[in-house]
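The structure appears right after this line, and notes come after that.
Rendered as structure tokens:
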């Protein structure tokens, strides 16, 4: 009987630690924003809420239809990055 209780206790402890580890991984991965490489400027753009606001402004100024940045093709992304590099003062709001 004692062996069964010990096995049950160890199983419960292992299951609990695995579920906590999975939750920690999900929370940790949420903190990392997507990065996009700008081939012309040879730099990366971290996609966060600030960059998303600037992208929406770019869409309005250039009369682009609203589309998610991740769904743009390479040419469209490069157009945005060129615009973005011509508006560097917007980084310091």
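Numbering (my numbering), first residue to last: 1 to 93. A virtual CB, placed ideally from N, CA and C, is assigned to each residue, including glycine.
For residue i: DSSP bridge partner residues
{"i": "residue 37", "result": "44"}
Residue i vs residue j beta-carbon contact at 8 Å
{"i": "residue 58", "j": "residue 80", "result": "yes"}
{"i": "residue 82", "j": "residue 54", "result": "no"}
{"i": "residue 39", "j": "residue 78", "result": "yes"}
Presumed contact (8 Å Cβ cut-off) between residue i and residue j, rounded CB distance
{"i": "residue 35", "j": "residue 49", "result": "So it is not a contact: roughly 15 Å between Cβ atoms."}
Where residue i falls, given that 16 or more other Cβ within 10 Å makes a residue buried
{"i": "residue 51", "result": "buried"}
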